[in-house]
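K.L.:
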Amino acid sequence: MRKNKREIPDLFTQKNERPIGSSMFAFGCGGTLVSYIPKKNKNVLLFSTMHKGDDINGVTGKPEIIHRNNETKGGVDVVDKLCAQYNVARGTRRWPMVIFYSMVNVAVINSFIIYNSKNLNSTSPRREFLIKLSSSLLYLHQKNRAMITNLPKTIKQRLREIYTCGTSPSQEALGAYVHLAVYEKSHSAFNN
Numbered sequence: 001m002r003k004n005k006r007e008i009p010d011l012f013t014q015k016n017e018r019p020i021g022s023s024m025f026a027f028g029c030g031g032t033l034v035s036y037i038p039k040k041n042k043n044v045l046l047f048s049t050m051h052k053g054d055d056i057n058g059v060t061g062k063p064e065i066i067h068r069n070n071e072t073k074g075g076v077d078v079v080d081k082l083c084a085q086y087n088v089a090r091g092t093r094r095w096p097m098v099i100f101y102s103m104v105n106v107a108v109i110n111s112f113i114i115y116n117s118k119n120l121n122s123t124s125p126r127r128e129f130l131i132k133l134s135s136s137l138l139y140l141h142q143k144n145r146a147m148i149t150n151l152p153k154t155i156k157q158r159l160r161e162i163y164t165c166g167t168s169p170s171q172e173a174l175g176a177y178v179h180l181a182v183y184e185k186s187h188s189a190f191n192n
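Start counting the sequence shown at 1; every next residue gets the next number (full-length UniProt numbering).
1. So, are the CB atoms of Asn105 and Asn87 less than 8 Å apart?
2. In three-state DSSP terms, what is Val98?
3. Under three-state DSSP, which class holds Leu130?
4. Within the continuous beta strand (DSSP E) that includes residue 239, where are the two ends?
5. Could you check which residue in Gly30, Asn16, Pro96 and Trp95 has the C-alpha nearest to that of Asn41?
6. In angstroms with no decimal places, state the Cα-to-Cα distance between Tyr163 and Gln157.
7. So, with DSSP's three-state summary, where would you put Ala89?
8. Take Asp54 and list the residues in its own chain whose beta-carbon comes closer than 6 Å to its own, dropping the five residues that flank it on each side.
9. In the DSSP assignment, the beta strand (DSSP E) including Leu46 goes from what residue to what residue?
10. With which residues is Ser23 paired in a DSSP beta bridge?
11. Just to confirm, is the Cβ distance from Phe112 to Arg126 under 8 Å?
12. Out of curiosity, what's the CA-to-CA distance linking Lys52 and Leu11?
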């Protein structure tokens, strides 16, 4: 938590006047604010909605909020590392797109975890999984796109090679007769 927030009392941001290992707690707004001094000239501020008390670990003397944060922050670092390794985000000024890209990044990581838990003997690296995932997500769209009649032949042929579509658009068109109405423009209004 940033220490320059005006809602934080001045006592919580002081670091020189307090002894090393001291903790201060504040309760309210549905959570607990803790200020902990781990070493000289260092102040750690955390706000937790999970913890309701001022519990301090008897062995280390640190607040339980700090312990919980230290236990779980490794997961956040791993997710950030995995997102940076294969990132779908593109440069944009639209904040909804930024949120969408980050949701897709987390969804891909979650799907990889689920895939590995279901396939215990699978040793495929994450890159291969991402290639399979992207092609399986595109398959139905590209297969339908290959059936479009007014698509250039080279594109249709390439899509059929990639996705090995068994039927051609002309074979599917035989199954359902589509009547195209031809309207002739009446020029009678212009003849007067």
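All C-beta atoms in this analysis are idealised placements derived from N, C-alpha and C, irrespective of residue type, glycine included.
P.N.:
With the given structure in hand:
1. Here residue 105 refers to the residue found at position 105 when the sequence shown is read from its first residue. Here residue 87 refers to the residue found at position 87 when the sequence shown is read from its first residue. Taking 8 Å as the Cβ cut-off, Asn105 and Asn87 qualify as a contacting pair.
2. Indexing the sequence shown from 1 puts residue 98 at position 98. Reduced to three states, the DSSP call for Val98 is helix.
3. Against the sequence shown, residue 130 aligns to sequence position 130. Residue state, collapsed to three classes: helix.
4. Beyond the ends of the chain as shown, which are 1 and 192, falls residue 239; an answer cannot be given.
5. Translated into positions along the sequence shown, residue 41 becomes position 41. Among Gly30, Asn16, Pro96 and Trp95, the Cα nearest to that of Asn41 belongs to Asn16.
6. Counting from one through the sequence shown, the residue named residue 163 turns up at place 163. Counting from one through the sequence shown, the residue named residue 157 turns up at place 157. One alpha carbon belongs to Tyr163, the other to Gln157, and they sit about 10 Å apart.
7. Stepping through the sequence shown from its first residue, residue 89 is reached at position 89. It is coil, neither helix nor strand.
8. Numbered from its first residue, the sequence shown carries residue 54 at position 54. Correct list, in chain order: Phe25.
9. For the purposes of this step, residue 46 is identified with residue 46 of the sequence shown, where counting begins at 1. Following the DSSP letters along the chain, one finds Leu46 inside the beta strand (DSSP E) bounded by residues Val44 to Ser48.
10. Against the sequence shown, residue 23 aligns to sequence position 23. According to DSSP, residue pairing for Ser23 in a beta bridge involves Tyr36.
11. Your numbering for residue 112 matches position 112 in the sequence shown. Your numbering for residue 126 matches position 126 in the sequence shown. Contact flag set, yes.
12. Taking the sequence shown and counting its residues from 1, one reaches residue 52 at position 52. Taking the sequence shown and counting its residues from 1, one reaches residue 11 at position 11. When rounded, the distance between both Cα atoms is 20 Å.
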